[in-house]
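Protein sequence lines, in the order shown, are assigned to chains A and B.
Numbered according to this note's numbering, the first sequence spans residues 1 to 515.
Numbered according to this note's numbering, the second sequence spans residues 1001 to 1515.
Note that the Cβ used here is the ideal one computed from N, Cα and C, for glycine as well.
Beneath this line is the structure, given in structure tokens, with notes to follow.
There are 2 protein chains.
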Amino acid sequence: MTTATERGSERRANRRQARKRTPIESLPWRVLKNPNPPVQFLREDQVQLLHESSMHIVENIGIDFLDADTLDIWSAAGAKVDKKAQHVWIDRHLLMELVRKAPAQFTLRARDPGKNVTVGGNNTVFVSTSGTPFVSDYDNGRRPGTLADVQNLVRLIHQCPPINVVESQVTEPQDIPVMHRHLERGLAIFTLSDKPVAQAAHGNVVCEDCLNMAAIVFGGREEIKKQPVFAAIINANSPLRYDTNMAQGLVSYSRGGQPLVVTPFILAGAMSPITMAAAVAQQNAEALAGIALTQICNPGVPVIYGGFTTNIDLATGSPAFGTPEGAWAFFAGAQLARFYGLPYRGSGGLNTSKVVDAQAAYESQMCLWPTVLSHTNWVQHAAGWLESGLVCSFEKFIVDVECVAMMQQLYEPVEISPETLALDMIKEIGPGGHHFGTSHTLARYQTEFYRTAVADRLAIGQWTDNGKLDAGQRAHGIWKELLASYEPPPIDVAINEELTDYVARRRRELPVSFV
Amino acid sequence: MTTATERGSERRANRRQARKRTPIESLPWRVLKNPNPPVQFLREDQVQLLHESSMHIVENIGIDFLDADTLDIWSAAGAKVDKKAQHVWIDRHLLMELVRKAPAQFTLRARDPGKNVTVGGNNTVFVSTSGTPFVSDYDNGRRPGTLADVQNLVRLIHQCPPINVVESQVTEPQDIPVMHRHLERGLAIFTLSDKPVAQAAHGNVVCEDCLNMAAIVFGGREEIKKQPVFAAIINANSPLRYDTNMAQGLVSYSRGGQPLVVTPFILAGAMSPITMAAAVAQQNAEALAGIALTQICNPGVPVIYGGFTTNIDLATGSPAFGTPEGAWAFFAGAQLARFYGLPYRGSGGLNTSKVVDAQAAYESQMCLWPTVLSHTNWVQHAAGWLESGLVCSFEKFIVDVECVAMMQQLYEPVEISPETLALDMIKEIGPGGHHFGTSHTLARYQTEFYRTAVADRLAIGQWTDNGKLDAGQRAHGIWKELLASYEPPPIDVAINEELTDYVARRRRELPVSFV
């Protein structure tokens, strides 16, 4: 005998089977593993020199932490603290002793255990863009992000296998009061997808709610402390400062057992000296200080070393993303993270373009390739980023998903065996023939290669007949088709109810505005 | 006392100084050197297995050479030849003995000796696209290539420092009789630029003219035999065949001392079995057979191992370029070339897009990155390629030049020294400050980073005020500005005259049509 719920989920499964899946949904879910040695741009003596410079910075120049409790934590741990100046100097031995407590890798649980991801080693996990105030799409143009956009983007992330992690801050839901946003975002990521998630780390109140919501989904606060269930970005407000929200977020989540992605935000020439050596030395000092703090709060808690260093534009002073200098800094950061035995975070799709054009694509590739080559473990902004991170574009999201999928395919092992060398077929067809119709070809015709989702390989006549669409226009059709056929993954009824109740209660409790 | 000629060239130099140079012209001329170990996707036992398979193919399956003289050359060298079937079987010891005679690197002379390039080792030399029947630009759309297009593209290559080599076949001048094209192209590359050149290798007559024209420029046939002055592509007509034109071209240029780029043209699933292992094994057999032939003709003549293997599209059977499988084949090919101690040729900007859009860019990057990572020495099609190689796009050319320039910049050494670590500046500015106006920044503000030529980093307001141009539209403005300000490099008057006379005479001598 089957229950009503079981029959319902069976019907849904049948419907999913029945409808034609888009090529993008048919892509395999997998975590990229790069079996090759990491590409390294620094010599060992250069790593050492950068390390020494960072040690000089934390010991002699010091770092601001704009939060009284955090200053007390540093003081208790043995650092030199000026509470009035909110400034901390950290002895290098203390710093390195703390950094060494962090694990080299960890597994992030997902609501669907089949989608758990291991962060570390030669695994590369792809995460969507985050923190964009605006969204854009070809129907409605560029506009402030809304909760509906967050929900739709979470649905798309869920539907696109190449993206491993759901980012709750994929855009800022500006139609929701600031202090309620994390509640709505939390509800979206846990109910609309079953992939691992990333959360915001903005001050004590937000963090406490996010921990509580995750605890509802994953079996309680003690349970999620044992094995982490979300990651969160901490940005240093470079140069040399962690602000109140970030310091509190770092302490809250570390204590709650969740991995932080400690990432200085440096544009060389603005937030650091203009030379890339200085930018990376400063990044390293700031990142290590934040990482050490996580280990005071909760020794052994997973933490990711984040690199986001790039340069300003020489002509305008604007941020420059997808640059050769930024690529170099990614590689250098990965090498430093490895030097300290920490997982590394980079960025996959940064660019400064205002539209989904060739520039958006080639600048993004200037980020994507370095992440994979350097064994970057956590690739933020791998899908959707446009206009220096001001915009999450629905069309760029789809284009980026294809680029990530192609990279995942490149790193799948290629079989070299008598079967695939097919010398008998080469002999049988001989000179001047063709292999289109052979049994060897036909047996593999559906599956042998990456099947493109966005790229159009038709001849110009057929492409013209189809309306002369460029990649952005085709991507537009794809995300609309995906959303039209979206179905939420199953969720335990009791969990869903508890989550909804929690959010309803906190909506009433929290002020609608917040200074 | 200065002569009239000297004063004229001084005036020209002053004019060049006076006019504002575009960012693209201001980029440095350089040859990319990758100091990192090459990225390798094959294990040693896999290299060995591919090698063994290729040996099996040349020994037991054999290869067509559709030219009687070439068959005689093979026969005299000791290969088993069936003259009627125009088929050759080559013993592996004979083959490898010949392949080993080829040098690991060589220097290609340019008309301007400062632009000579060394091909081999960890040098990567970038060459424009070649062999496209059509051109396109935003003024005149897609159309058959003409001599004027060849001339304009040669001018642009000359003006864009990142492109190292001028390709005479950058497009097919379809307004010129087939048998006169090489003459006009030869005149264009030697008079409109002073960079190293690549030539066509189509049968004995064309090759003889190309050798004679190069001899006029570089001091005679004996002189160019001592040090090569142009390279030329030889394509195997895969599977397992060299046609008459290619066989004759290979023999002529080898004897004339010029390096050939021996490149099987394989789309897995059409010209080889569908499995990439088979495609690369077959590529290797075909390439080595062609390379061995160059060494019979002229032992020690430089030759480049060319890889161009990619796959067909599963949905349409069309060629697929810029694919993960094609990238894997590039890496595998480079590793095989290194195994044999030969310079390697890959492709930089292959794509199947019909327009200069995100697809054109991300597929191109799926080629460009592997070339640099694998120590590819000769990167064909690095600028201009569109629509599976049917079109050379003026706008794509400019976009590609920026991508190549960014890659060259990434591989420039980054100085890590007390001066660039700038710890005193980090201390002076301290937490929360900014480095915009420091003496350290101002001293480096003009030169520290790659200065973008195509990418627009302006804020959305300024970008809107400038007309909302995408990368292709900006590229359009750039090439028009370049051509408007083009000035030919100086050429010796006597050489210019001899070259012009030679072409005039051969125009009269050669038939206007040719079967």
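In chain order, what residues of the same chain lie with their CB nearer than 6 Å to the CB of R1109 of chain B, ignoring the 5 residues before and after it?
Only N1116, Q1227, V1229 meet the Cβ criterion.
Segments of 3+ residues assigned as beta strand (DSSP E) that fall wholly inside the segment 389-474 of chain A
Runs of the beta strand (DSSP E) inside the segment 389-474 of chain A: 391-393.
I'd like the list of long-range same chain contacts for L50 of chain A, defined as Cβ closer than 8 Å, with 5 residues on each side in sequence excluded.
Exclusion of the five residues before and after L50 of chain A leaves L42, A277, V280, A281, N284, A332, L336 as the residues of its chain whose Cβ lies within less than 8 Å of its Cβ.
Any chance the segment 1285-1305 of chain B sits against the segment 455-465 of chain A, with 3 or more Cβ pairs inside 8 Å?
These segments do not touch.
Since I believe L1192 of chain B is in contact with V1170 of chain B (beta carbons under 8 Å), could you give me their beta-carbon distance rounded to a whole number of angstroms?
Actually they are not in contact, since the Cβ atoms of V1170 of chain B and L1192 of chain B sit about 11 Å apart, beyond 8 Å.
Looking at chain C, which residues of the segment 1142-1168 of chain B have a Cβ within less than 7 Å of any of its Cβ atoms?
Of the protein chains in the structure, A and B, none is chain C.
Chain B beta carbons: is any one of them nearer than 7 Å to that of K354 of chain A?
Interface annotation, K354 of chain A: in contact with chain B, CB-CB separation under 7 Å.
Please state whether DSSP places L1108 of chain B in a helix, a strand or coil.
Look at L1108 of chain B here: in three-state DSSP terms it is strand.
State the CB to CB distance for the pair R1241 of chain B and P431 of chain A, rounded to an integer number of angstroms; the pair is presumed to be in contact (CB under 8 Å).
That pair is a contact at about 4 Å.
Report yes or no: is there a C-beta of chain B within less than 7 Å of the C-beta of D400 of chain A?
At a cut-off of 7 Å between beta-carbon atoms, D400 of chain A makes no contact with chain B.
Could you tell me which residues DSSP puts in a beta bridge with E1325 of chain B?
For E1325 of chain B, DSSP records no beta bridge to any residue.
Cβ neighbours of Q408 of chain A in the same chain (closer than 7 Å, five flanking residues each side left out):
If we look at Q408 of chain A and ignore the five residues flanking it on each side, its Cβ neighbours are R30, L32, P162.
Is it true that the CB of W1463 of chain B sits closer than 7 Å to the CB of F1394 of chain B?
Not closer than 7 Å, so no.
Among the residues of its own chain, which have a CB less than 8 Å from the CB of E1363 of chain B, if the five just before and after it don't count?
Same-chain partners within the cutoff: F1321, G1322, T1323, L1350, N1351, T1352, S1353.
Checking contacts by CB at 7 Å: is F1065 of chain B closer than that to chain A?
When Cβ-Cβ separations below 7 Å define contact, F1065 of chain B makes no contact with chain A.
From which residue to which residue does the beta strand (DSSP E) around I1057 of chain B run?
Note, I1057 of chain B: premise wrong, no beta strand (DSSP E); not H, not E.
The segment 412-419 of chain A touching the segment 141-153 of chain A, judged by at least three CB pairs closer than 8 Å:
They do not touch, by the three-pair rule.
Local Cβ density within 10 Å of L442 of chain A, reported as buried at 16 or more and exposed below that:
Looking at its Cβ environment, which holds fewer than 16 other Cβ atoms inside 10 Å, L442 of chain A is exposed.
Can you tell me whether N1377 of chain B is buried or exposed? The criterion is at least 16 other CB atoms within 10 Å of its CB, across all chains shown.
The residue is buried, with at least 16 neighbouring Cβ atoms inside 10 Å.
So the candidates are A:P489, A:H440, A:E97; which of them puts its Cα closest to the Cα of I1274 of chain B?
Taking I1274 of chain B as reference, the option from A:P489, A:H440, A:E97 with the minimal CA-CA separation is A:H440.
Determine, using beta-carbon pairs with one atom in the segment 1132-1142 of chain B and one in the segment 1083-1098 of chain B, whether at least three such pairs fall under 8 Å.
Contact fails: fewer than three Cβ-Cβ distances are below 8 Å.
Does V178 of chain A come out as helix, strand or coil in the three-state DSSP assignment?
Looking at V178 of chain A - three-state DSSP - the assignment turns out to be helix.
Spatial neighbours of M1001 of chain B in its chain, beta-carbon cut-off 6 Å, leaving aside the 5 residues before and after
Bear in mind that a pLDDT of 41 at M1001 of chain B, under 50, signals an unreliable position, so the number given afterwards is only what the model happens to contain. So no residue of the chain qualifies.
Rounded to whole angstroms, what is the Cα-Cα separation between L315 of chain A and N1466 of chain B?
Here the sequence assigns Ala to residue 315 of chain A, which means Leu is not the residue at that position. Roughly 16 Å between the two C-alpha positions.
Just how far apart, CA to CA, sit L250 of chain A and D72 of chain A?
Roughly 14 Å separates the two Cα atoms.
4 or more residues per run - each alpha helix (DSSP H) lying fully within the segment 214-263 of chain A:
Within the segment 214-263 of chain A, the complete alpha helix (DSSP H) runs of at least 4 residues are 221-226, 244-255.
Once DSSP output is grouped into helix, strand and coil, what is the label at N496 of chain A?
N496 of chain A falls in the helix class under three-state DSSP.
For I1274 of chain B, which three-state DSSP category applies?
Note: I1274 of chain B maps to coil in three-state DSSP.
Have a look at A:L499, A:I398, A:I61 and flag the residue whose alpha-carbon is nearest the alpha-carbon of R185 of chain A.
Nearest C-alpha to R185 of chain A: A:L499.
Return helix, strand or coil for L1027 of chain B, following the three-state DSSP convention.
When secondary structure is reduced to three states using DSSP, L1027 of chain B falls in the coil class, being assigned neither helix nor strand.
Distance CB(R1451 of chain B)-CB(L1183 of chain B) smaller than 7 Å:
If you check the CB distance, R1451 of chain B and L1183 of chain B do not come in under 7 Å.
Which same chain residues, not among the five before or five after S238 of chain A, have their C-beta less than 8 Å away from its C-beta?
Only P264, F265, I266, M271, S272, Q282, Q283, E286 meet the Cβ criterion.
Say the cut is 6 Å; is the CB of H93 of chain A nearer than that to a heavy atom of the ligand HEM?
With respect to the ligand HEM, the structure offers nothing, as it holds no ligand at all.
Buried or exposed for D1045 of chain B, please, with buried defined as at least 16 other CB atoms from any protein chain shown within 10 angstroms of its CB.
Residue environment for D1045 of chain B: exposed (fewer than 16 other C-beta atoms within 10 angstroms of its C-beta).
Report the option in B:A1077, B:P1035, B:Q1040, B:E1167 whose CA atom is closest to the CA atom of A1292 of chain B.
When B:A1077, B:P1035, B:Q1040, B:E1167 are compared, the shortest CA-CA separation from A1292 of chain B is found for B:A1077.
Under the three-state DSSP convention, the category H158 of chain A falls into
Correct three-state label for H158 of chain A: helix.
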